[in-house]
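Peer 1:
Protein chains in written order, with the numbering used here: chain A, 85 to 417; chain B, 78 to 413; chain C, 5 to 289.
(1) Closer than 8 Å is the cut-off here; do at least three beta carbon pairs connect the stretch 398-413 of chain B with the stretch 324-337 of chain B?
(2) Buried or exposed, going by whether 16 or more other CB atoms sit within 10 Å of the CB of residue 242 of chain B?
(3) Cβ closer than 7 Å: which chain C residues qualify as neighbours of residue 202 of chain A?
(4) On the DSSP bridge list, what partners appear for residue 219 of chain A?
(5) Kindly confirm or deny that the stretch 76-85 of chain C and the stretch 177-195 of chain C touch, where touching means at least three C-beta pairs closer than 8 Å.
(6) Using a C-beta to C-beta distance shorter than 7 Å, which residues of chain A count as neighbours of residue 337 of chain B?
(7) Once DSSP output is grouped into helix, strand and coil, what is the label at residue 304 of chain B?
(8) Could you check the C-alpha separation between residue 294 of chain A and residue 277 of chain A for me, to the nearest Å?
(9) At a Cβ cut of 7 Å, what residues of the stretch 39-64 of chain C count as close to chain A, listed as they run along the chain?
(10) Which chain C residues are close to residue 184 of chain A, counting only those with a beta carbon under 8 Å from its beta carbon?
(11) Going by alpha carbons, who is nearest to residue 104 of chain B out of B/354, B/247, B/127, B/408?
(12) Tell whether a beta-carbon distance below 7 Å holds between residue 146 of chain B and residue 92 of chain B.
(13) Are the beta-carbon atoms of residue 321 of chain A and residue 399 of chain A separated by less than 7 Å?
(14) Let me confirm a value: residue 133 of chain C is counted as buried when at least 16 other C-beta atoms fall within 10 Å, else exposed. Which label applies?
(15) Based on the DSSP output, what are the partners of residue 316 of chain B in its beta bridges?
(16) Taking 7 Å as the threshold (C-beta atoms), are residue 206 of chain A and residue 172 of chain A in contact?
(17) Where do the N-terminal and C-terminal ends of the alpha helix (DSSP H) with residue 378 of chain B fall, by residue?
(18) Who does residue 100 of chain A pair with in a DSSP beta bridge?
(19) Check whether chain B comes within 7 Å of residue 281 of chain A, counting only Cβ atoms and requiring the distance to be less than that.
(20) Is DSSP giving residue 97 of chain B helix, strand or coil here?
(21) Between residue 128 of chain B and the ligand NAP, is the CB less than 6 Å from at least one heavy atom?
(22) Hey, is residue 86 of chain A's beta-carbon within less than 7 Å of any beta-carbon in chain B?
(23) Please identify the residue among A/182, A/220, A/261 whose C-alpha is closest to the C-alpha of residue 482 of chain A.
(24) So, for residue 146 of chain C: in the same chain, excluding its five sequence neighbours on each side, which residues have a beta-carbon less than 7 Å away from its beta-carbon?
(25) Do you know offhand how far residue 333 of chain A's Cα is from residue 266 of chain B's?
(26) By the criterion of Cβ-Cβ separation under 9 Å, what are the contact partners of residue 318 of chain B in chain A?
(27) Could you tell me the alpha carbon to alpha carbon distance between residue 200 of chain A and residue 187 of chain C, rounded to whole angstroms?
(28) By the 10 Å Cβ neighbour count, where 16 or more other Cβ atoms means buried, how is residue 258 of chain A classified, buried or exposed?
(29) Could you check whether the Cβ of residue 190 of chain A sits closer than 7 Å to any Cβ belonging to chain C?
(30) So what's residue 149 of chain B in DSSP terms, helix, strand or just coil?
(31) Could you please give the first and the last residue of the uninterrupted beta strand (DSSP E) stretch that includes residue 286 of chain A?
(32) Give the residues of chain C in contact with residue 174 of chain A, contact being defined as C-beta atoms less than 8 Å apart.
(33) Cβ of residue 205 of chain A less than 7 Å from any chain C Cβ?
(34) Can you check whether the C-beta of residue 274 of chain A is within less than 7 Å of a C-beta belonging to chain B?
(35) Tell me the start and end of each unbroken alpha helix (DSSP H) in the stretch 311-383 of chain A that is at least 4 residues and wholly inside, in chain order.
(36) Can you pull the chain C neighbours of residue 187 of chain A, defined as C-beta to C-beta under 8 Å?
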């Protein structure tokens, strides 16, 4: 990747630490939910972010939305550091779509009120004229395939799929550049999921959007994403183009994740992931490579030294298996 | 001992609501053999969870349950009365709920909750119950089982809690187990482990199992038989191979086209979708319940009563007016 | 909306409580029109202790339906004017305590952390003070008047507002629509006012009715002890207090304001319970 590429989002060594109470009278311990992440997202890309619950992907998403400042490091949106951006500027460029359309829409507001909120908050001239505002809301509703007659309805009168369309309409009404989709379909029924995924695909092409798709459903990520980042205990352990990652996963954790995908195939049983031990406590992460207790390819020095970031053809991997300096003699590749 | 552990014939659930009579489950029949897994798959509101609650006799008070047969190991569950039923529940037949966060009582230790049912049903000593709890916790893959017994639910992670729930369901050595979305709240990596575990335990104890889920991937991997439910009815049933390789009902066909399958679906392409919404189950629906959303529907579909009919192979039945050949042709057309 | 109306009209608690309360409010407002007497000035010792209409006594005077008190003042007039005092004190004290408690509770629930710690400390401090004793002490130190009673009560009974608002705000605050509003760039003030308040206001109404009843009862208790509203102002608590000497001879003197107090408190509580019932999530489809 060349430096002069157009990165709409960039993270440089971003860390977020929470102070967690370690127990009664034990004081507080730092939890590094996101631990030194470097990431560049070119315009128009769909970046899939995968990992188990507790890996820090939601914390990263909150930081990308500007809801949480990084403890250290810097995020850039369109080349501008977020620490120097106004709240409203940030809101214009980055918008979220949440998992549960039942909790992401205020039950006491009408659909029109919900979708128009981002415009009204920006305080542009349109906001003062009700007619203009209504037109924009209806345009946005049309974009996501919602009938105009729902304008004055309340969320509880809508189906789950329609609610998620409202959330999409709200996210897109100001034409943001980046949309952070946090599990955009996992709360929906199967037949509705595909409609929302299709909609997101169409809108991306139409509006030249950049998506960050956070999901634990690897089939969805494989379908949507152009690049995939795998997160484990606050670190990106592998980043690669989707083809590369799904056909030729490098990190043992990526391999385990991929093997756990259950595609509908009655001729296969449930695969063995090999991830025997439970997810470690993030307050007290394992030494060395944090994945070593669960790794099937663990080597003696894995528990001692943290792996370096190794550039690959289309991204990076953090694993001793691919580091010629430390893994010498153990695995020739 | 008969081979069939659970028999359900013409199970009907009615719930009176303000707008009339709700018919969430309309004449469902199936049976589960020992060592067999039946997967009930369907979207929210199709009646799959109510079906399981009806078998356990845990329906909400207002609901009315009728069936021409509802037998566990030959014993008629409709006539035995509440006393005998609570003896069966958690003993001969147990249930695993979806939410591991809310299904355990936060005020009691894991050990307390595990041994309680066993001591009530089987009159064993505290030490014996404890031994069995440790044995099962180890079986479900929990390390340091003995020390876990003194812990409280909040001290365990979601995956561990779900394992505890499974161990609890197995404490009395049930012959029939009903798992309602046992892995939906869990990470994919843990999902695989839990499913493995359930299969292993089922083999070991020769249990019958009903697995209720909306995840077609899970169904295809673990089911012996599959029942696809839509709007209160079973619309297709057969072995996993029959249903997944030769889906015959338009709804099953539609569902399978809705999900992206790595390696098969072209990335970024449009996924199939099922237009429309589930019909209201208040009052009677003439004709096929799926007719309004079905691309192949014709006039008779909206008026005629649609019964289950045989597919290509014996044991594979579906509820549609089209012949198996027509359905197969539709599927091919859709794929092309 | 139609559904809400149907549920309200189908709820006996709301219907009964609401109509009784409405009747009391109307009678209090139109008191000067309903009786020809003045509650304080129209004394006539010659007419004292006339019995109410249900007493089959020759002393009964049709001009005084509920009889007269020891100074010969019309009891119905005093009762109606007393309702004004009770409602005024109940409503004002509820308003003051509601503003304080809601502000503290919402702040604690929304901001959490240190703010929550401070608020929780203040609430705990307040809960450690017995309301009646503190009210008695304050009133006996700085004297008593209607407005002093209102302020003392208002500054003392906000604890339930704070506790309930804190926990409900905490629940709502973590819902995704609040995060969505934040991601739109909404100000904290806007989020609290437009996203959170509409979703906690039903709890607020329930607490408000309870606290209004609470304040009315406390005023009656203080007045009964002689430290609340001062005579000759008509107040139900004061009327009960004045009648206690006659309890065994003219029981209706204590019975009438007692029954009025009972009806008012019951109607407010019925209404509050009803509001909770019809707005509770489990009642929704």
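We treat Cβ as the ideally placed atom computed from N, Cα and C, and that holds for glycine.
Peer 2: Let me spell this out:
(1) yes
(2) buried
(3) 188
(4) Residue 219 of chain A is not bridged to any residue.
(5) no
(6) 303, 304, 306, 307
(7) strand
(8) 20 Å
(9) none
(10) 180
(11) B/127
(12) no
(13) no
(14) exposed
(15) B/302
(16) yes
(17) 376-380
(18) A/118
(19) yes
(20) strand
(21) The ligand NAP is not part of the structure shown, which contains no ligands of any sort.
(22) Residue placement at residue 86 of chain A is poorly supported in this model, since its pLDDT is 44, which falls under 50; the coordinates still yield a value, given next. Answer no: the Cβ-Cβ gap between residue 86 of chain A and chain B never drops below 7 Å.
(23) For chain A, the structure presents residues 85 to 417; residue 482 of chain A sits outside this window and is missing.
(24) 152
(25) 16 Å
(26) 350, 351
(27) 14 Å
(28) buried
(29) yes
(30) strand
(31) Here residue 286 of chain A belongs to no beta strand (DSSP E); instead the alpha helix (DSSP H) covers 274-291.
(32) 189
(33) yes
(34) yes
(35) 326-331, 336-343
(36) 179, 180, 181
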